[in-house]
């Protein structure tokens, strides 16, 4: 028998159960807080029509299209140069295919192959391609279902996306994105922008991944400020890219790059950097911005930012967890108002763990109606991979169960099953050991998988109508009456639950 | 601006938020019970290597492969016959492409196109295709990670799968499968087979979709019985297909079909149908089977079935919810022992909502080591679609929140936000109304989305430090002190929760 190597394609991450559970735990926390704020789930197909996906016409190189494998294999065969000595077989294959496809062959090999390839190409390619983000699908969804949706639409979406990244880049070609957006019809109050950071705050607090900082700005401010100091409109995009690197490359190189890109004097460029890089409090910075003279659009940006910061405070996000940061410059081709980035204070190398912002018009490619929105996206697979590498989260347990009911006397299986059933009824995840092995092996299994407790009952225990509960994580064991098992395990569970709450 | 139609490809289902929430609710129940029994989540990439997916070589026609869109478009251009009058442009395009690909053109149009197509085909196709089930990926996963897994491996997997079904068939091309399997290394106790029906029982009981029946059999029994009455081994597969239709077509046609397919006398075929179709109790049937003489393999099948039924009883599945049904004949090319099917008693038209069984060797294409397993699969998307159509589940709410905090005095936004924050802290999903609209519009929004409660506070309420809670589903409202809001909403929530528990 031919044995096929059990491998996955490069760039497609796959986790062992313990890591998968860490990812799922994060996903559950994200989902819970999205719903706590009233966001409803939607899911779009993995594929969109090619025309839909390429509406913007930008990411083409990374888009995976979907084909029909069987036709594709025939197309490959038709296009393949016959190997030396196999010309006859190749010819016969062409004839067979031609017969199937009802195509008359001319005898001219090139022309015949081309004719067959034309027909097969039509059968191979479809009108579909895999989505590369969740924004284009959302835009298509909103435009397509607008008559059946209630606005403002609060939706979240946690799905895989696919990008044909170059293999050397170390990036994932498949990863989870967790997106949350509010979409208004016609207009959308700035209070919606204020709510987003408080959701981020709740999620990352509960994930317990150390200190984090939600950086907030407004696209209008940076843009109008740059125009105001003399950066030509045509250089705006480049200037933003330079500013985006400010933290990484430092003041001197940023000043030089700004001068060369926009033609502003070095002194002005220094002022720009000093303006962007500031160490005053959020309140002082907003006051300073409010005192500055600028275009109407600049003033509008400052007013929006100020309202958003007020809202963030009213929503109870502690002062230590957010900050106005005028250097946020990524994505500003797309965002038109509030922008957010979130970083781990003690692990800046991990980069932004969550970014987003406000946009004027979500679905302009699909409808004339205006749908402004605001949202953020968490790149979950990348985030969890990095948190695992940095040991900020740990993948220890490879079972969602906390209790293993061991079976040392298989004639009492009915009793073991009854214990398991009562534990499960009270909400405790548990497993019964079914294979015929000595207790030592059963306990090794329990330790390897990361169970917290082992329930043990043999002749002695059954004689006394009792049961032993071994705490595997810290050692030690207790004996209870069988009737008190559930109550006691629930209690032990609560004690341990402080570190690792039961998965609901 | 060109406006693109916001459509999805045919055969790819997409739900509105309320339906999506119904699907998510079912998914949560399934997930909770999988974990309650100690099954750990895994996820495999959406794609597998083509060699892996086609190892069995069967489903080819339905497999979608993954290509690179940009190269594919060039390939299409090269293969396209130039339109009349556009020959010159077509020629120029070929030259440009040839330059990019560094191919010297010969001047012979056919040969040149073929040469370009060969290179572009290599750039278009990848080594990947979308998985069409979760069994092949599981087999590859187990074989590939066996050194890092603890056996028996209890895993569940809830992912989309893709099948290039014919559009007319009305089948989905993308749908969720929820699979659960236990995989042993070398051997696997029959008790694992007994556990599966009790998981199914818990899931469908909690889903409250009416009476259901878990039908259980053993592949060895039907097979050995048929061989025993003289059905030739070569006709087994056909005989099974005929028996699978028994309920649908009735006794007479089944007898005729069996006679013609296997050459057994009509009298024998009648005995077969009578044997399969029986109305005795589970206990009586097992006793009858135990009393029958048959091959060793027949006896082994009966012994396994008897142990499984004992286990199902010990696990507390009520007698009304399961039944031995010897007519289960689907999938028996694959299953080698216990088999399961589950149907809705009052909606037989919906068909099997969950099927599975025991197999001897999961990963034979990828490794020589033997991995026996037992599992079931729920086709979730299809199930939910049918339950929605049959109105067995309802999609009423389009928000996961139960409380809408209205905002009739926008200067008190800080107070509204504080109320919302305290509700959220106590686990209640809630939303604040941010747009500047009259109360009537805010309440209409709340009703449309399906909130249970609206919190209302204006000048009068604030003057008395109180707040009004309107119960939207049944009408009526109560006034509480602001400090007692959370406690009272929690209480009201519990009352309503009997019908619609809070989503955790």
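Chains as they are written, first to last, in the working numbering: chain A, 1 to 504; chain B, 505 to 1008. C-beta: ideal position from N, C-alpha, C; glycine also.
Identity of the residues DSSP links to residue 478(A) by a beta bridge: For residue 478(A), which the question treats as bridged, DSSP gives the partners 469(A).
Contact with chain B by residue 413(A), beta-carbon distance below 8 Å: Residue 413(A) counts as touching chain B.
Own chain, CB closer than 8 Å to residue 104(A), minus 5 neighbours either side, in chain order: Excluding its 5 nearest sequence neighbours in each direction, residue 104(A) has C-beta neighbours in its own chain below 8 Å: 98, listed in chain order.
Chain B within 8 Å of residue 4(A), Cβ atoms only: Taking 8 Å as the threshold, the shortest C-beta distance from residue 4(A) to chain B falls below it.
Among 966(B), 963(B), 932(B), the one whose alpha carbon lies nearest that of residue 990(B): The shortest C-alpha separation from residue 990(B) is found at 932(B).
Nearest candidate by alpha-carbon position, reference residue 535(B), set 951(B), 717(B), 704(B), 873(B): Here the closest residue by C-alpha is 704(B).
Separation of residue 128(A) from residue 50(A), as counted between CA atoms: Spanning the two alpha carbons is a distance of roughly 5 Å.
Secondary structure, alpha helix (DSSP H): runs of 4+ residues fully inside the stretch 925-965 of chain B: Counting only runs of 4 or more, we get 943-953.
Buried or exposed by the 16-neighbour rule on C-beta atoms within 10 Å, applied to residue 232(A): When all chains shown are included, residue 232(A) counts as exposed.
Minimum Cβ-Cβ distance from residue 559(B) to chain A less than 8 Å: It does; some Cβ of chain A falls within 8 Å.
The stretch 848-873 of chain B: positions lying closer than 8 Å to chain A by Cβ: Going along the stretch 848-873 of chain B in chain order, one finds 867, 868, 869, 870, 871, 872 with a Cβ nearer than 8 Å to chain A.
Own chain, CB closer than 7 Å to residue 203(A), minus 5 neighbours either side, in chain order: Contacts found: 29, 30, 33.
First through last residue of the beta strand (DSSP E) which encompasses residue 182(A): Note, residue 182(A): beta strand (DSSP E), 174-183.
First through last residue of the beta strand (DSSP E) which encompasses residue 634(B): Its beta strand (DSSP E) spans residues 629-634.
Integer Cβ distance of residue 812(B) from residue 698(B), believed to fall under 8 Å: Contact between residue 812(B) and residue 698(B) holds: their C-beta atoms lie close to 5 Å from each other, under 8 Å.
Spatial neighbours of residue 235(A) in its chain, beta-carbon cut-off 6 Å, leaving aside the 5 residues before and after: The beta carbon of residue 235(A) lies closer than 6 Å to those of 261, 262 in the same chain, with the five residues before and after it left out.
Backbone CA spacing between residue 329(A) and residue 343(A) [nearest angstrom]: Residue 329(A) and residue 343(A): Cα-Cα distance of roughly 15 Å.
Residue 215(A) - containing beta strand (DSSP E), residue span: For residue 215(A), the enclosing beta strand (DSSP E) covers residues 212-218.
CB contact flag (residue 625(B), residue 75(A), <8 Å): Judged by their CB atoms, residue 625(B) and residue 75(A) are nearer to each other than the 8 Å cut-off.
Where residue 438(A) falls, given that 16 or more other Cβ within 10 Å makes a residue buried: Taking every protein chain shown into account, the CB of residue 438(A) has fewer than 16 other CB atoms within 10 angstroms, so this residue is exposed.
Contact check, residue 675(B) vs residue 666(B), beta carbons under 8 Å: Going by C-beta atoms, residue 675(B) is not nearer than 8 Å to residue 666(B).
Proximity test, Cβ basis, 8 Å: residue 1002(B) and chain A: Because the pLDDT at residue 1002(B) is just 45, under 50, the model does not fix this residue reliably, and the point stays unresolved.
Contacting positions in the stretch 600-617 of chain B - beta carbon closer than 8 Å to chain A: Along the stretch 600-617 of chain B, the positions whose C-beta sits under 8 Å from a C-beta of chain A are 612, 614, 615, 617, read in chain order.
Delimiting residues of the alpha helix (DSSP H) encompassing residue 884(B): 884-893 is the extent of the alpha helix (DSSP H) around residue 884(B).
8 Å Cβ shell around residue 976(B) - same chain, five flanking residues per side excluded: Result list for residue 976(B): 947, 950, 951, 955, 956, 957, 958, in chain order.
Residue-level contact to chain B via CB, residue 503(A), 8 Å cutoff: Residue placement at residue 503(A) is poorly supported in this model, since its pLDDT is 38, which falls under 50; the coordinates are not used for a value here.
Any non-hydrogen atom of the ligand NAP within 7 Å of residue 794(B) CB: For the structure depicted, the ligand NAP is absent and the ligand set is empty, with no information on it obtainable.
Among 419(A), 92(A), 70(A), 376(A), nearest to residue 334(A) - alpha-carbon criterion: Selected option, being the one with the closest Cα: 376(A).
Buried versus exposed call for residue 312(A) [16 or more other C-beta atoms within 10 Å across all chains shown]: Residue 312(A) should be labelled buried.
Partners in chain A for residue 647(B), counting only beta-carbon separations shorter than 8 Å: For residue 647(B), the neighbours in chain A by C-beta distance under 8 Å run, in chain order, 6.
Neighbour-count burial assignment, residue 481(A), 16 or more Cβ in a 10 Å radius: Per the 10 Å Cβ criterion, exposed.
Residue span of the beta strand (DSSP E) that contains residue 158(A), given as start and end: DSSP places residue 158(A) inside the beta strand (DSSP E), whose first and last residues are 153-162.
Identity of the residue in 357(A), 331(A), 459(A) nearest residue 196(A) by Cα: It is 357(A) whose Cα lies nearest to the Cα of residue 196(A).
Nearest to residue 468(B) (by Cα), restricted to the options 742(B), 891(B), 627(B), 923(B): No statement about residue 468(B) is possible, as the shown extent of chain B runs from 505 to 1008 and does not include it.
Interface flag, residue 40(A) vs chain B, CB-CB below 8 Å: At least one C-beta of chain B is nearer than 8 Å to the C-beta of residue 40(A).
Where the beta strand (DSSP E) through residue 845(B) begins and ends: Annotation: the continuous beta strand (DSSP E) that includes residue 845(B) extends over 842-848.
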